[in-house]
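Protein chains in written order, with my numbering: chain A, 414 to 531; chain V, 3 to 352.
We put the beta carbon where it would ideally sit given N, CA and C, even for glycine.
See structure below.
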Amino acid sequence: MLSDWGAVLIFLVVGLGVGIGGVAVNLLLNPRRKFAQKYETYECGVDTIGPTWVQFKTSYFLYALLFVIFDVETIFLYPWAVQFQRLGLFAFIEMIIFISLLVIGLWYAWKEGALEWK
Amino acid sequence: MGENIFLNIASWIRGLLDSIGVPLLASDIIMMIVKASAIIVFISLNVIWLVLMERKISAYIQCRIGPNRVGPKGTLQTVADVIKLMTKEFLIPRSADKVIYLLAPLVVFAPPTLAFAVVPWGDGMAAIDMGIGVFYLIAVTSLSTIIFWMGAWGSGNKYSLVGGMRVVAQMVSYELPLVLALLGVIMITGTLNMSEIVEAQKNVWFIFTQPLAFLIYFIAGVSEANRTPFDLVEAESEIIAGPYTEYSGMGYAMFMLTEYASVLVISIMCTIMFLGGWLAPFGWTFLPSWFWFFLKVYVMIFLFMWIRWTYPRIRVDQLMGFGWKVLVPLSLANIFVTGIGMYVYRSIGW
């Protein structure tokens, strides 16, 4: 018998096949007339100035940090939600405490201005 | 009437394989390849149709006619566009990081394909009836963030880089309310299997018992699919096309295909989790279950398009503020209310 994850592997291969096949057909059919300007970076007709890969706004990084914390929380919440009706009141109160800790964390981040886009 | 047509085709192929003496594992693998290919062909045809539908709807909303030259009433417009994109040059700009730039369009369609594997298209019509279906679907769909970022970084273009940064920030912020909103439903059903979740909606659809969760999921879904009013990722008027700025030919087409496929994924999830999946409303079972499923999915897609062509784009600060200060607290509150509500119902004697 084919296991669930074996089937997922087949889907992955087929999904990759679509991308690879599409681009391969494109590369077979496409015209190639080379001239220097064509391979310039697209910037509405003006030459691009300076390097592209530069240091970036830190706000993005703050959101990423917050995301990691809350995403781990949701992973904990899923098994709890599945068993919620069997675990009883004790587990529910425990989870309320767990979420409250994170809500306090969110409130702190909010207060410190991590959620402001400056 | 037509209820079991796809199941009958599947069992016919299975019987054919058995009759020529193919071993069990091999016939399993062949069946799965057939199912995967059928789903992908179906999705591609849907996307071709959706692009046209989007253009027609936007045209009528803006008092235009829309594409009406290729084929009857312009129905073959997208087919012509795909052929055009296939024969365009696949440009690799000089300043691009060539490996990453090339890799991104090759792998970009894999996450939606993986997501479609666990979807129950009708009664008993899931390709893989996985026990942790919902969790798996959330996990694989969030992979596409990385691939969009690969394309954006590899392009070596400043517009692409800004777009890529926005992809990561936006998808990451709206992933949370999206995932938390589904928790309410899972607390009620006590399972992650999609078929069982649909079965649990026999009496009442979860849109009525979890209206707030549906609203949060829908808004976050609009954002995850990068559609207006949350389409800062590819805000044409500021950053050209975001991560896809440098792509041409099939590279661009693969990104567009993925974009529409992710709209389909979000609509399908809305249908399964909140709109009763394949279940017929009012017991109207004279139409097959898969027909109801697609009717609901298309209603959701129409809603997406309607919103896209009605509302203007919001600013980045508004976007992030709305995600973190409104949707995340609301979705956490929804979990509380659901939990307490379930205890109250049970003590009354549900």
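- In this structure, V:Trp280 sits away from V:Ser269, with a CB-CB distance that is not shorter than 8 Å.
- Excluding its 5 nearest sequence neighbours in each direction, V:Pro231 has C-beta neighbours in its own chain below 7 Å: Tyr313, Pro314, Arg315 and Ile316, listed in chain order.
- For V:Gln320, the enclosing alpha helix (DSSP H) begins and ends at Val318 to Gly323.
- In the structure shown, the three-state DSSP call for V:Pro231 is coil.
- For V:Glu238, the enclosing alpha helix (DSSP H) begins and ends at Glu238 to Ile241.
- Note that the C-beta distance between V:Gly251 and V:Leu87 is below 8 Å.
- Ranked by how close their Cα comes to the Cα of V:Gly186, the residues V:Phe137, V:Gly341 and V:Glu91 have V:Gly341 in first place.
- Neighbours of V:Asn159 in chain A, taken as residues whose beta carbon is under 9 Å from its own, are Thr454, Tyr455, Glu456, Thr461 and Thr465 in chain order.
- Interface with chain A (8 Å Cβ-Cβ cutoff): V:Gly341 is included.
- When Cβ-Cβ separations below 8 Å define contact, V:Trp326 makes contact with chain A.
- Residue pairing by DSSP places V:Ala128 opposite V:Pro122 in a beta bridge.
- Residue environment for V:Pro95: buried (at least 16 other C-beta atoms within 10 angstroms of its C-beta).
- The Cβ atoms of V:Ile11 and V:Phe118 do not sit closer than 8 Å to each other.
- A buried status is given to V:Gly135, since no fewer than 16 other beta-carbon atoms sit within 10 Å of its beta-carbon.
- Per DSSP, the unbroken alpha helix (DSSP H) holding V:Tyr300 starts and ends at Ser291 to Arg310.
- Judged by pairs of C-beta atoms under 8 Å, the segment 106-126 of chain V does not touch the segment 464-474 of chain A, as fewer than three such pairs exist.
- Below the 9 Å Cβ cutoff, chain V contributes Met88 and Met252 as neighbours of A:Val438, in chain order.
- Residues of chain V with a Cβ closer than 8 Å to the Cβ of A:Leu425 are, in chain order, Ala112, Thr115 and Leu116.
- Taking 8 Å as the upper bound for CB-CB distance, A:Thr487 and V:Leu297 are not in contact here, some 31 Å apart.
- Counting only Cβ-Cβ distances below 8 Å, A:Gln498 has contacts in chain V at Met189, Gly192 and Met344, in chain order.
- A:Cys457 sits in coil when the DSSP states are folded into three classes, being neither helix nor strand.
- Contacts with chain A at 8 Å (Cβ-Cβ) do not include V:Glu5.
- Contacts between V:Ile130 and chain A, judged by CB atoms closer than 7 Å, involve Asp417, Ala420 and Val421 in chain order.
- In terms of beta-carbon proximity, A:Lys451 lines the interface with chain V, with at least one pair separated by less than 8 Å.
- The beta carbon of V:Met33 sits closer than 8 Å to those of Ala12, Ile15, Arg16 and Leu19, all from its chain and outside the five residues before and after it, given in chain order.
- Judged by DSSP secondary structure, V:Trp280 falls outside any alpha helix (DSSP H); it is assigned neither H nor E.
- Not one beta carbon of chain A lies nearer than 8 Å to the beta carbon of V:Val265.
- The beta carbons of V:Leu104 and V:Met152 sit no closer together than 8 Å.
- With a cut-off of 8 Å on Cβ pairs, the segment 224-239 of chain V is not in contact with the segment 75-82 of chain V, counting fewer than three such pairs.
- Distance from the CA atom of V:Val72 to the CA atom of V:Tyr138, rounded to whole angstroms, is 41 Å.
- Within the same chain, Leu479 and Leu528 come within 7 Å of A:Ala522 by CB-CB distance, once the 5 residues on both sides are set aside.
- The C-beta distance from V:Arg168 to V:Val318 rounds to 7 Å, short enough to meet the 8 Å contact threshold.
- In the structure shown, A:Leu422 falls within a helical segment according to DSSP collapsed to helix, strand and coil.
- In the three-state scheme derived from DSSP, where H, G and I count as helix and E and B as strand, V:Glu248 is classed as coil.
- Three or more Cβ pairs closer than 8 Å define a contact, and the segment 323-333 of chain V meets that threshold against the segment 170-178 of chain V.
- Around the beta carbon of V:Asn205, a 10 Å sphere encloses fewer than 16 other beta carbons of the protein chains shown; the residue is thus reported as exposed.
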